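All remarks here apply to the structure that follows.
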Amino acid sequence: MAALQDTKPENLPDSIRHYIDGEWVDSIDGDTFDVLNPVANEPYIKAASGKKADIEAAVAAAKKAFEEGPWPKMLPRERSRILHRIADIVESRGDQLAAMESYDSGLPITQALGQARRAAENFRFFADLVVAQTDDAYKVPGRQVNYVNRKPIGVAGLITPWNTPFMLESWKLGPALATGNCVVLKPAEFTPLSASLWPGIFEEAGVPAGVFNLVNGFGEEGYAGDSLVKHPDVPLISFTGESRTGQIIFGNAAPYLKGLSMELGGKSPAVVFEDADLEAAINATIFGVFSLNGERCTAGSRILVQRGIYDEFVERYAAQAKRVKVGLPSDPSTEVGALVHPEHYEKVMSYVEIGKQEARLVAGGGRPEGFETGNYVAPTVFVDVKPDARIFQEEIFGPVVAITPFDTDEEALELANNTKYGLAAYIWTSDLKRAHNFAQNVEAGMVWLNSNNVRDLRTPFGGVKASGLGHEGGYRSIDFYTDQQAVHINLGEVHNPVFGKQEDAAAKADG
Ligand code: NAD
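Under full-length UniProt numbering, the first residue of the sequence shown carries the number 1, and numbering increases by one thereafter.
The structure is reproduced here in structure tokens:
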């Protein structure tokens, strides 16, 4: 049988190389790896495979640009103008970007387009934020003025995953560059294509050479990701990926006492109470787990449903899951495309088989009809899932959902909190007090009440427990990418009418 093929985007490069100090370069040892298209599962391009020596060259370029270049010393307004130009260019190339992203990752084209728009918005947002930034200043009565001097830190190492790659890269690049740092980006090896568009965008926008560096390749020991984490001249690592990888990076960064931001995995609950708007809850929970092919860190992949509406919910949910349109990623009517890579496809399929042993299958459970090749999994719904089931506890990261009944509010909360993860939670009820109480007690970094996953860029993003450490988003990103130096100015011995000569406890040094 002939393998399915998707439409190749125009203007594909011949190969994907590193970009160091304003130049496209091959790996120093000449090594490359194949990149697959997830529909045909055939290699369509070669990418340079970075190792320690390539990371060393990229970090040296970033360090030089930081120490000698204009970037960290520019006024925020000047950097902000360049960042707005980046946003303009990303917007104007949205179609090309989305076509490449969709071809490389298997994401449905309409969703890839949305992600490209969000990437532009990330740059615009941080361009505005650094200009609007205010910092604290304190008067120590009659003695001192103390103020905060915010400074970029140096070379930031950015390590990103393969789900929504371009958007997630923008999320780190925006604040890291807006605050005056220089960066080395190590994109995910499954999806390096869209990252290869950044150098052209940055050059056109006026980012000086050396400020942005890109090293492609793998993450494991001896490869690019690991070498970036262990490089002594990289004081910051912003990482998004699996919790297990986060633990390894945490250990490898420990001897250097690096600043770490960890956005990790999830197994987020969507809790539907009997008094919920059922139609809205079903639509949102379908979208919440099947959009982005289910390869979404905040996917509501465990749905907890109150007993009184359980049977109706299950019946309607399964029917709707069967109507989700599986298709070629480039087709604008496609709602679920192909999973990113055969390795990931095997992982998701193994969970489908595990689920069949653990629970009752009511939709999907294998390849969708008409998609005999490519990394296709039909939207899959398991019900009556027990809390100790692996499909309840473990992140599957595909179009697979576990539905579990509950009776009381207490039981719902207990079930919601009953995994090692704590990224997001979604609550559906018409009782505001219940929703509010639940939100305050659920172990999740982000909670949506009667709402789809829509996030204002000013809000903190991040998880608790195994879902992450630290928060990015809004000012939290600015905090992560800057040092906050406290400067204490002595005003001399000033006589204060209340305290007299300044020897009071508050004015004495601590520590
Ligand atoms: P992954 O952890 O396998 O890889 C992520 C990145 O880390 C890749 O670039 C990889 O090459 C690199 N890497 C791997 N080992 C490394 C090491 N030892 N040192 C340094 N770098 C290393 O994750 P993935 O499979 O690409 O992405 C899926 C995961 O990402 C899921 O768990 C998902 O929930 C999570 N994710 C989280 C968020 C969030 O914001 N919390 C967002 C998106 C994805």
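Beta carbons: idealized from backbone N, C-alpha and C, even for Gly. It should be emphasised that the depicted structure is a prediction, and the values quoted were computed from it without experimental measurement.
query	result
Give me the Cα-Cα distance between N375 and G337, rounded to the nearest whole angstrom.	9 angstroms
Take residue 594 as the anchor and find which of I248, V381 and R296 has the nearest alpha-carbon.	Only positions 1 to 511 of the chain appear in the structure, and residue 594 is not among them; the question remains open.
Taking Cβ to Cβ, would you say S301 is nearer than 8 angstroms to S268?	yes
Determine the DSSP secondary structure at L5, reduced to helix, strand or coil.	Here residue 5 is Gln; the residue named in the question, Leu, does not match the sequence. Note: Q5 maps to coil in three-state DSSP.
Can you tell me the Cα-Cα spacing of T164 and A466, whole angstroms?	21 angstroms
In chain order, which continuous runs of the beta strand (DSSP E) of length 3 or greater are located wholly inside the stretch 26-97?	32-37 and 42-48
With a threshold of 7 angstroms (Cβ to nearest heavy atom), would D331 be considered close to the ligand NAD?	no
DSSP state of F313, grouped into three classes?	helix
Tell whether a beta-carbon distance below 8 angstroms holds between A48 and D34.	no
Going by the CB atoms, is the gap between A127 and A178 shorter than 8 angstroms?	yes
Can you tell me whether F231 is helix, strand or coil according to DSSP?	Phe is not the amino acid found at residue 231; the sequence shown has His there. If DSSP states are grouped into helix, strand and coil, H231 belongs with coil.
Below 8 angstroms on the Cβ atoms is my contact criterion, and I expect R367 with A378 to pass it. Report the Cβ-Cβ distance as a whole number of Å.	7 angstroms
Using three-state DSSP, classify G288 as helix, strand or coil.	helix
Please state the DSSP three-state secondary structure of T380.	strand
Report, in whole angstroms, the separation of the C-beta atoms of P108 and L339, which I expect to be a contact under 8 angstroms.	At roughly 12 angstroms, the Cβ-Cβ gap does not stay under 8 angstroms, so P108 and L339 are not in contact.
Could you tell me which residues DSSP pairs with W448 in its beta bridges?	Y426
Output the residue ranges of the beta strand (DSSP E) runs that lie fully inside the stretch 203-250 and measure 3 residues or longer, sorted by chain position.	212-214 and 236-240
Using DSSP's beta-bridge definition, name the partner residues of Y147.	A137 and V487
On the CB-based measure, 16 or more other CB atoms within 10 Å of its CB, does T404 come out buried or exposed?	buried
Less than 8 angstroms between the C-beta atoms of S15 and I45, yes or no?	yes
Looking at V184 and V234, is the spacing between their C-beta atoms short of 8 angstroms?	yes
Using a Cβ distance threshold of 8 angstroms, determine whether the stretch 435-455 contacts the stretch 394-402, with at least three qualifying pairs required.	no
Closer than 7 angstroms: is that where the CB of T163 sits relative to any heavy atom of the ligand NAD?	For clarity, residue 163 is Asn in the given sequence; the question names Thr instead. Yes.
Who are the near neighbours of L36 in its chain, counting only those whose CB is closer than 6 angstroms to its CB and skipping five residues on each side?	P43
Assign F406 to one of three DSSP states: helix, strand, or coil.	strand
Quick check: is any heavy atom of the ligand NAD less than 7 angstroms from the C-beta of P255?	no
If you draw a straight line from the alpha carbon of R244 to that of V385, how long is it in whole angstroms?	25 angstroms
Compute the beta-carbon to beta-carbon distance between E295 and G222, rounded to the nearest angstrom, for a pair I have assumed lies under 8 angstroms.	27 angstroms between Cβ atoms; not a contact.
Residues in its own chain within less than 6 angstroms of D31 by CB, not counting five upstream and five downstream?	S49
Exposed or buried, which one is E395 when buried takes at least 16 other CB atoms within 10 Å?	buried
Could you tell me which residues DSSP pairs with A270 in its beta bridges?	I303 and Y426
Going by DSSP in three states, R360 sits in which element: helix, strand or coil?	strand
State the CB to CB distance for the pair L423 and G463, rounded to an integer number of angstroms; the pair is presumed to be in contact (CB under 8 angstroms).	4 angstroms
Any heavy atom of the ligand NAD inside 7 angstroms of the beta-carbon of G468?	yes
Per DSSP, what kind of secondary structure is residue 517 in: helix, strand or coil?	No answer is possible for residue 517: the residues shown for the chain start at 1 and end at 511.
Among residues of its own chain, excluding the 5 on either side of L292, which ones have a beta-carbon nearer than 7 angstroms to its beta-carbon?	L107, Q111, N163 and T164
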